[in-house]
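Asks:
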Amino acid sequence: MSSPHSTDPRDADMPHRALPVMDLGPYFAGEPGALEKLAAKWRDACEGVGFLCLVNHGLPQSEIDKMEDAARRFHALPADDKMAIKVDQHQRGFIPGKATILTHSKYDKNTKLDSVECLVVATDYPKDHPAAIAGKQFFSQSQWPADLPGFQAAVENYMSKVNDLCKSLLPIWAASLDLKPDFFDPYFQKPHNYFRIAKYPKIPVMEPGELGLGSHADSGFMTFLPPAKEAGLQVLDVDDTWFWPVVPEGAIIINIGWFLSRWTNDRFRATPHRVLPPRNNDRYSLACFVNPSLDAEAECLPSCTSPDNPPKYPRQSYWDFFQWYTTRSYAHYGKVGEKVEEKQSNG
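Sequential numbering of the sequence shown, starting at 278, is according to the numbering used here.
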């Protein structure tokens, strides 16, 4: 039990706020007017808090449970087995706890290395792909543990289902931005998705400046996140107040990344969020980031600019943006497994 004078951030009087709820049932059933009605609510949520949750989304809880079981099996492996596939320059592989700190965060002063550990897998590219032959960053294949039967199949199955579900949402994103329903289809011919299979070890007493994952906004188009069994996620509202999101039973969280926010000329909000480590039980998180093709080039959407609101950002491919983001945001690539100094710049 915490002290009434505790300095532990988890004991702070933080508000609980419900996320906007989007019911996909009528949309998937093809009911007349369902897309337009949903798009209006979607737009309001994206121009506001930037986080929303989906109900009647069609992804069975059993699939999420299977993936969490696979995550637990991976993280139960010996450290040497996980470090044998340490993260590489293509942002694939294992990242141990206390190895990263977000170097650009302007939302918090992150003074300690994040406690989270995770395996990152991403869209695979054939070895004979021209960019892969040239060694271009991100055009690679995921790394897998050597002796964990069924793990790769479970992860690939889950990622495929999430990819299909998220692509089915593209007409909603388009309608919410007053675009044709198929507007985003050409940009998602070969989505570059990546999946952070994360474990947040329990920390009974947090030290000042300690976080499970530092305050940040995601990089891409949309993030797909089933709620974890242990609390930890906090969201920064439009009034600069951190809050605990309230999500209905069976709902799945969706939030916006920087690439989409820039594409909309900041009309849609890439919302800062952070994760506090759990106190009593390890926390497992399944964040899947669904993004355009690496070579897809985005420029300010026509519905997001006017003579009084010119484009703020240049035309840019997702590869260019993602490479810039990872270089700017993390100091761990190429250093995992070595001693990482805690005194890194927060920007």
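Glycine residues also receive a C-beta, built at the ideal position from the N, C-alpha and C atoms.
For clarity, every value in this text was computed on a predicted model and none was experimentally measured.
Quick one: using the 10 Å Cβ neighbour count with 16 as the cut-off for buried, is A430 buried or exposed?
Replies: The residue in question, A430, is exposed, as its Cβ has fewer than 16 Cβ neighbours within 10 Å.
Asks: CB G509 to CB L553, shorter than 8 angstroms?
Replies: Yes. Within cutoff.
Asks: Should the stretch 293 to 304 be regarded as contacting the stretch 502 to 522, the criterion being three or more beta carbon pairs within less than 8 angstroms?
Replies: Cβ pair count under 8 angstroms is three or more, so yes.
Asks: In chain order, which beta strand (DSSP E) runs of at least 3 residues are fully inside the stretch 289 to 333?
Replies: Qualifying beta strand (DSSP E) stretches, in chain order: 293 to 295, 298 to 300 and 328 to 332.
Asks: Between which two residues does the beta strand (DSSP E) harbouring A564 extend?
Replies: Run containing A564: R560 to V567, per the beta strand (DSSP E) assignment.
Asks: Can you tell me which of the three DSSP states T548 falls into?
Replies: T548 falls in the coil class under three-state DSSP.
Asks: Taking L336 and K438 to be in contact with their CB atoms under 8 angstroms, please state how far apart those CB atoms are, rounded to whole angstroms.
Replies: Sure, about 6 angstroms apart at Cβ, within 8 angstroms.
Asks: Give the secondary structure of A475 by DSSP, where H, G and I count as helix, E and B as strand, and everything else as coil.
Replies: In this structure, A475 counts as strand in the three-state DSSP scheme.
Asks: Tell me which same chain residues have a C-beta within less than 6 angstroms of the C-beta of H550, skipping the five on either side of it?
Replies: So the list reads V512, once near-sequence residues are dropped.
Asks: Using beta-carbon positions only, say whether W596 and F465 come within less than 8 angstroms of one another.
Replies: Not closer than 8 angstroms, so no.
Asks: Consult DSSP for P522 and reduce its assignment to one of helix, strand or coil.
Replies: If DSSP states are grouped into helix, strand and coil, P522 belongs with the strands.
Asks: Does the distance from the C-beta atom of K343 to that of E487 stay below 8 angstroms?
Replies: No, the Cβ-Cβ distance between K343 and E487 is not below 8 angstroms.
Asks: What is the residue span of the beta strand (DSSP E) that C395 lies within?
Replies: Run containing C395: E394 to A399, per the beta strand (DSSP E) assignment.
Asks: Thinking C-alpha only, which one of W421, L301, C581 and E576 is nearest F472?
Replies: When only C-alpha atoms are compared, the closest one is W421.
Asks: With respect to the alpha helix (DSSP H) encompassing L442, which residues constitute its N-terminal and C-terminal limits?
Replies: Segment F428 to S445, the alpha helix (DSSP H) holding L442.
Asks: So, helix, strand or coil for K343, using DSSP?
Replies: Note: K343 maps to helix in three-state DSSP.
Asks: Who does M483 pair with in a DSSP beta bridge?
Replies: Paired residue(s): none; M483 is not in a bridge.
Asks: Could you tell me how far apart the beta carbons of P591 and Y477 are, in whole angstroms, since I believe they sit closer than 8 angstroms?
Replies: At roughly 37 angstroms, the Cβ-Cβ gap does not stay under 8 angstroms, so P591 and Y477 are not in contact.
Asks: For A547, tell me which candidate among A505, C395, K457 and A494 has the shortest Cα-Cα distance.
Replies: Here the closest residue by C-alpha is A494.
Asks: Answer with buried or exposed for Q338, where buried requires no fewer than 16 other C-beta atoms within 10 angstroms of its C-beta.
Replies: With fewer than 16 Cβ atoms within 10 Å of its Cβ, Q338 is classed as exposed.
Asks: Please report the residue range of the beta strand (DSSP E) in which L502 lies.
Replies: Element bounds for L502: M499 to L502.
Asks: Just to confirm my understanding: we take S445, look at its own chain, exclude 5 residues before and 5 after, and list those with CB closer than 7 angstroms. What are they?
Replies: There are no such residues.
Asks: Considering only the beta carbon of each residue, do A475 and V398 sit closer than 8 angstroms?
Replies: No, the pair does not count as a contact, with Cβ atoms beyond the cut-off.
Asks: Suppose you measure from the CA of K404 to the CA of L447; what does that come to, to the nearest Å?
Replies: Roughly 29 angstroms between the two C-alpha positions.
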